[in-house]
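>
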Amino acid sequence: MLPERRRSPKQSATFDYNAKELAEARKKKRKRHYTLEQELASLWEKMRLRNNTKEDRSNLVSKALEKMKGKIPEIAGSHVSSRVLQTCVNYAVHLVKKILDNASKKQLAEFISSLHGHVASLLRHMVGSVVVEYAYQLGNASQKQVILMECYSTELQLFKDLVSMKERRLVDIISKLKLQKASVSRHMNSVIQPILEKGIVDHSIIHRALMEYFSIADQSSAADIIQQFAKERKKIIKGMKGHIGKIAHDQYGSMVLVCVLSIVDDTKLITKIVIRELQTVLAELVLDKNGRRPLLQLLHPNCSRYFSPDDLASLDLYIPSLYNKGDSEVNSELGDQTKYSEVDEDGDNDTVEVAAKANRSMGSGESVHLMEGGKKDPFLRRQELLVDSGLAESLVDICKDSAAELLKSNFGKDVIYEVATGGAGGILHATLDVKLDSLHEAIASLLLKGKCEMWAQGHSCKVVSAFLESSDSVVRKLAKEELQPLIDSGLLKLSEAIQLAKEG
């Protein structure tokens with residue numbers, strides 16, 4: 001047997017070149033658009049460079065689109081050239097949104113219908129989720145229901161026509177169609193988990209899906225989702241750095257700050273990022289309708305005088321799935337504890353209002369900590385954020401220096417009242433009694449000293465005379481010195497009760 005002849009380097013190079021040429025020729029025969037794919041791949045390598053100018057990239061994209069004209073379906077089917085197409089339509093989401101803005105009702109309905117079977121996968125995509133959310137916002141109540149049901153279960157995708165607008169809540173849909181709650185819960189978990197892992201939590205459709213999920217999920221599944229959110233809290237708070245003042249002046253942003261101050265246990269982080277920035281604009285916040293809310297929440301938490309029922313409902317963290325009862329009891333009470341309120345005529349923005357009583361009736365345990373948002377004692381949290389941080393001292397100084405302006409302000413009067421009374425539970429008295437006394441003196445000298453004759457006339461006389469009924473003997477003595485001449489002259493008429501007390 002003759003030994004195999006070795007090729008020289010030159011022969012090897014020639015052989016490789018011929019083999020490559022042969023492979024190229026075979027590909028050209030096998031693929032209709034092989035040459036086009038090669039040209040597009042070359043353009044793609046150039047257009048995806050980061051140092052391209054906007055004009056250069058635009059020219060490259062235009063050339064690529066011109067070459068693809070009439071061949072888009074074939075290009076989209078190729079694993080090589082489809083990347084070029086993806087790069088070209090990278091910002092097509094804005095075009096789709098513009099088309100939806102100008103679409104007729106019929107066209108919008110057709111578009112929403114085309115999403116059938118793809119909603120869950122699109123919601124997992126950072127860009128695709130934007131389109132689904134936009135369509136969800138533009139749709140009417142029934143169209144929203146159709147989109148939302150895609151997240152519930154595969155059965156509901158198949159039998160969506162069996163559900164009417166009367167069954168708007170997931171628990172009602174499950175009851176009507178006799179679906180297995182565990183099966184729906186598992187499917188929703190498989191849809192929601194990847195969305196949360198990617199951090200796509202901005203959209204209202206996802207918020208609604210989460211609330212529906214919590215209404216049926218078992219305790220451990222719901223707790224897993226909640227814990228995922230807890231890990232993101234620090235990122236959210238750190239993202240607010242430098243914007244706290246602006247957030248505090250916003251109607252909804254101020255409620256976010258209220259929530260942060262109420263539930264986050266890491267008071268060092270909150271003090272460093274939130275409290276310090278609030279202190280720099282404190283003089284503005286105490287006079288602002290929204291800006292005063294975080295301050296009032298620390299001074300007097302969850303007070304119905306300062307927060308509307310809707311505000312308090314948004315702060316109520318009760319979740320049926322985390323309630324320390326058996327699943328059967330939770331389900332039976334679900335209808336009583338959770339109700340939807342329609343914001344507009346189509347019922348477009350559904351929010352969950354839950355009775356605050358539910359939170360107070362909770363037993364102890366891990367589930368309660370989850371619902372409260374943290375394990376730290378609420379009073380201790382307030383103490384660290386309000387007093388230990390120096391915020392309370394700054395508030396007292398502001399109230400003392402701007403007492404006249406605050407007392408005349410519809411919004412400022414609430415802040416100065418809470419500070420002057422020491423806050424709920426007397427939280428300010430332990431360390432700031434001396435400063436509070438100086439504030440009381442400032443208020444008294446500004447409003448009462450030497451001015452009681454003016455206040456003794458009209459309805460305000462009830463307020464002035466009430467000082468004579470004070471349980472504090474020092475206050476009664478000071479009031480008597482100021483008011484006795486007015487009583488003797490008959491300018492200030494005391495009530496019968498005060499007269500009897502005086503005679504006694």
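In UniProt numbering, the protein residues as written are 1 to 504. A virtual CB, placed ideally from N, CA and C, is assigned to each residue, including glycine.
(1) Evaluate L428 with the Cβ neighbour count: other Cβ atoms within 10 Å of its Cβ, from every protein chain shown; 16 or more gives buried, anything less gives exposed.
(2) Can L406 and C452 be called in contact, C-beta distance under 8 Å?
(3) Evaluate K98 with the Cβ neighbour count: other Cβ atoms within 10 Å of its Cβ, from every protein chain shown; 16 or more gives buried, anything less gives exposed.
(4) For A442, which residues in the same chain have their Cβ closer than 6 Å to its Cβ, ignoring the five residues on either side in sequence?
(5) Which full runs of the alpha helix (DSSP H) of 4+ residues lie inside the segment 194 to 273, going along the chain?
(6) Measure the CB-CB distance between P301 and S262 and report whether it falls below 8 Å.
(7) Looking at C-alpha atoms only, which residue of S142, S129, L123 and H116 is the closest neighbour of K105?
(8) With a threshold of 7 Å on Cβ separation, who are the neighbours of R83 within its own chain once the five nearest residues in sequence on each side are excluded?
(9) My output table needs one value for G458: the three-state DSSP class, helix, strand or coil.
(10) Look up T154 in the DSSP assignment and say whether it is helix, strand or coil.
(11) Using a 10 Å radius around the Cβ and a threshold of 16 neighbouring Cβ atoms, would you call D472 buried or exposed?
(12) By alpha-carbon positions, which one of F379, G291, G426 and Q38 ends up nearest to S81?
(13) Select from G139, K246 and A92 the residue whose C-alpha is nearest the C-alpha of A103.
(14) Roughly how many angstroms lie between the CA atoms of H249 and R381, to the nearest whole one?
(15) Rounded to the nearest angstrom, what separates K63 and S190 at their Cα positions?
(16) Which residues in the same chain as K46 place their Cβ atom closer than 6 Å to its Cβ, once the five residues preceding and following it in sequence are excluded?
(17) What residue does the alpha helix (DSSP H) around N410 start on, and which one ends it?
(18) Can you list, in chain order, the stretches of the alpha helix (DSSP H) that have 4 or more residues and sit fully within the segment 416 to 473?
(19) By the 10 Å Cβ neighbour count, where 16 or more other Cβ atoms means buried, how is Q484 classified, buried or exposed?
(20) If you compare alpha carbons, which of G490, K435, V96 and T431 is closest to Q457?
(21) What span of residues does the alpha helix (DSSP H) with H94 cover, start to end?
(22) List the endpoints of the continuous alpha helix (DSSP H) containing F111.
(23) Identify, in the order they occur along the chain, each residue of the same chain with its Cβ nearer than 6 Å to the Cβ of A209, setting aside the five sequence neighbours on each side.
(24) Would you grab the beta carbon distance between S465 and L492 for me? Rounded to a whole angstrom, and I think it's under 8 Å.
(25) Quick one: what does DSSP say P294 is sitting in, helix, strand or coil?
(26) Put F379 into one of helix, strand or coil per three-state DSSP.
(27) Buried or exposed for K176, going by 16 or more other Cβ atoms inside 10 Å?
(28) Report all residues from its chain with a CB closer than 6 Å to the CB of G128; omit the five preceding and five following residues, and keep chain order.
(29) In this structure, how does DSSP classify C303 when only helix, strand and coil are distinguished?
(30) Closest to S183 by C-alpha separation, out of S204, T154 and S304, would be which residue?
(31) Can you tell me whether G326 is helix, strand or coil according to DSSP?
(32) If you draw a straight line from the C-alpha of P73 to the C-alpha of L179, how long is it?
(33) Hey, could you find the ends of the alpha helix (DSSP H) G128 is sitting in?
(34) Look at the alpha carbon of K198 and the alpha carbon of L282, and state the distance between them as a whole number of angstroms.
(35) In three-state DSSP terms, what is N52?
With the given structure in hand:
(1) Position 428 of the sequence shown holds residue 428. The residue in question, L428, is buried, as its Cβ has 16 or more Cβ neighbours within 10 Å.
(2) Residue 406 sits at position 406 when you count from the first residue of the sequence shown. Residue 452 sits at position 452 when you count from the first residue of the sequence shown. No.
(3) Counting from 1 along the sequence shown, the entry for residue 98 is found at position 98. With fewer than 16 Cβ atoms within 10 Å of its Cβ, K98 is classed as exposed.
(4) As a first step, residue 442 must be located in the sequence shown, where it is residue number 442. Contacts found: K400 and A403.
(5) 204 to 216, 219 to 239, 244 to 249, 251 to 263 and 267 to 270
(6) For this step, residue 301 is matched to residue 301 along the sequence shown. For this step, residue 262 is matched to residue 262 along the sequence shown. Yes, the pair counts as a contact, with Cβ atoms nearer than the cut-off.
(7) The residue given as residue 105 occupies position 105 in the sequence shown. Residue S142 is the option with its Cα nearest to K105.
(8) Mapped onto the sequence shown, residue 83 falls at position 83. Excluding sequence neighbours, R83 sits near W44.
(9) On the sequence shown, position 458 is the one that residue 458 refers to. The answer is helix: DSSP assigns G458 an H, G or I state.
(10) Here residue 154 refers to the residue found at position 154 when the sequence shown is read from its first residue. Reduced to three states, the DSSP call for T154 is helix.
(11) Locating residue 472 in the sequence shown gives position 472, where the first residue counts as 1. Burial call: exposed.
(12) Sequence index remark: in the sequence shown, residue 81 carries index 81 (1-based). The shortest Cα separation from S81 among F379, G291, G426 and Q38 belongs to Q38.
(13) Here residue 103 refers to the residue found at position 103 of the sequence shown. Comparing Cα positions, the closest option is G139.
(14) Here residue 249 refers to the residue found at position 249 when the sequence shown is read from its first residue. Here residue 381 refers to the residue found at position 381 when the sequence shown is read from its first residue. When rounded, the distance between both Cα atoms is 23 Å.
(15) Residue 63 sits at position 63 when you count from the first residue of the sequence shown. Residue 190 sits at position 190 when you count from the first residue of the sequence shown. Approximately 41 Å between the Cα atoms of the pair.
(16) What you label residue 46 is simply residue 46 of the sequence shown in a count that begins at 1. Excluding positions up to five away in sequence, the list reads L60.
(17) The residue labelled residue 410 in the question sits at position 410 within the sequence shown. N410 -> no alpha helix (DSSP H), and no H or E assigned at all.
(18) 429 to 447, 452 to 455 and 461 to 466
(19) Here residue 484 is taken as the residue at index 484 of the sequence shown, counted from 1. When all chains shown are included, Q484 counts as exposed.
(20) The sequence position of residue 457 within the sequence shown is 457, counting from 1. Closest option to Q457, Cα to Cα, is G490.
(21) Here residue 94 is taken as the residue at index 94 of the sequence shown, counted from 1. Unbroken alpha helix (DSSP H) run through H94: A92 to D101.
(22) As a working note, residue 111 is residue 111 in the sequence shown. Its alpha helix (DSSP H) spans residues K105 to S114.
(23) Indexing the sequence shown from 1 puts residue 209 at position 209. Once the five neighbours on either side are set aside, the close Cβ partners of A209 are C151.
(24) Your numbering for residue 465 matches position 465 in the sequence shown. Your numbering for residue 492 matches position 492 in the sequence shown. Contact flag correct, Cβ pair sits at about 7 Å.
(25) Within the sequence shown, numbered from 1, the residue matching residue 294 stands at position 294. Here P294 sits in helix by DSSP.
(26) By one-based count along the sequence shown, residue 379 stands at place 379. Of the three classes helix, strand and coil, the one that applies to F379 here is helix, per DSSP.
(27) As a first step, residue 176 must be located in the sequence shown, where it is residue number 176. K176 is exposed by the Cβ-count criterion.
(28) Within the sequence shown, the letter at position 128 stands for residue 128. Here the set comprises L122.
(29) Here residue 303 refers to the residue found at position 303 when the sequence shown is read from its first residue. It is coil, neither helix nor strand.
(30) By one-based count along the sequence shown, residue 183 stands at place 183. Per the Cα distances, T154.
(31) Residue mapping note: residue 326 aligns to position 326 of the sequence shown, counting from 1. Model confidence at G326 stands at a pLDDT of 46, short of 50, so the residue's coordinates are unreliable; what they give is reported in the following sentence. Note: G326 maps to coil in three-state DSSP.
(32) On the sequence shown, residue 73 is found 73 positions in, with the first residue counted as 1. On the sequence shown, residue 179 is found 179 positions in, with the first residue counted as 1. Approximately 40 Å between the Cα atoms of the pair.
(33) Here residue 128 is taken as the residue at index 128 of the sequence shown, counted from 1. Element bounds for G128: G128 to L138.
(34) Along the sequence shown, one-based indexing puts residue 198 at 198. Along the sequence shown, one-based indexing puts residue 282 at 282. Their Cα atoms are separated by approximately 37 Å.
(35) As a working mapping, residue 52 is identified with position 52 in the sequence shown. Correct three-state label for N52: coil.
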